[in-house]
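Residue numbers (the UniProt record's numbering): 1 to 218. Yeah, the Cβ is synthetic: ideal placement off N, Cα and C, and Gly gets one too. Have a look at the structure below, then the notes.
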DNA sequence: AACAGGCGCAACCGCCTGCTG
DNA sequence: CCAGCAGGCGGTTGCGCCTGT
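Dropping the structure here:
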């Protein structure tokens, strides 16, 4: 089945919205609602396609949108929900009142993803360093927990920030120290138990929320 | 002051899903 | 069951702003 493009009709405007267009859209929706996005631009007298109107409304003009920087709490929620749900931005956005999927997606790609990648790089450095220590000094009394954790660390990129050895060995890392220390402080978990408890907590939150989270997670 | 490169964000594109006839 | 439509979603793009040289 092939669908016709959204804006197949020539003459429909694209690109940034003007203040006038915003006002027309706001006035129309406040007056008549948005039951039919396809028909809305025509009825409102806008030279836009319905899709463009919907996007503009949901991502920018909606009155309940919270604008401005993300708080530390919001950051942590996004990170945790991303671990649970993956790139399901709308599902994540539904747990952050006033934030849109587009906003969260942008924030992830411009801030959090970069930070996690840095953290991953740091993690592999730490893991390698730790493994070298273990190999070269067999007589050393090594905490078994660290070995298990090191494997876990390497295999699951997403949970790298919660790794306990990250906390133990971060002082070894001279380069990028300040930035990574800061990141570590924010997301520090002392052991995997607390991490798992955290995951259980968020799972319960999702399960008890209005949406059917089990469907979303599966 | 001028330019180049990087970054952030709004907006677009194309696919998927659910609904209806 | 099938086809068509509309809405929703995630990935990607492009433009404007900022910063460094």
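Same chain only: Cβ atoms within 8 Å of residue i, ignoring 5 sequence neighbours per side
i	result
residue 24	44, 45, 46
residue 37	50, 51, 53, 54
residue 35	none
Range of the contiguous alpha helix (DSSP H) that encloses residue i
i	result
residue 13	It is not in any alpha helix (DSSP H) - residue 13 carries neither H nor E in the DSSP assignment.
residue 70	No alpha helix (DSSP H) holds residue 70; DSSP gives it neither H nor E.
residue 53	50-56
residue 44	40-44
residue 35	No alpha helix (DSSP H) contains residue 35, which DSSP labels as neither H nor E.
Whether residue i touches residue j by CB criterion (8 Å)
i	j	result
residue 66	residue 99	yes
residue 40	residue 28	yes
residue 57	residue 78	no
residue 22	residue 85	no
residue 87	residue 59	no
residue 105	residue 89	yes
Buried or exposed (CB count within 10 angstroms, at least 16 for buried), residue i
i	result
residue 31	exposed
residue 73	exposed
Neighbourhood of residue i by C-beta, 6 Å cutoff - its chain only, sequence neighbours within 5 removed
i	result
residue 75	none
residue 111	none
residue 14	none
residue 20	none
Same chain, Cβ closer than 7 Å to residue i, neighbours up to 5 away in sequence not counted
i	result
residue 26	61
residue 70	107
residue 64	98
residue 93	99, 100, 101, 104
residue 18	none
Check your understanding: In chain order, which continuous runs of the alpha helix (DSSP H) of length 4 or greater are located wholly inside the UniProt domain "HTH myb-type" (62-116)?
Key -> If we require 4 residues or more, the alpha helix (DSSP H) runs fully inside the UniProt domain "HTH myb-type" (62-116) come out as 72-85, 89-93, 101-107.
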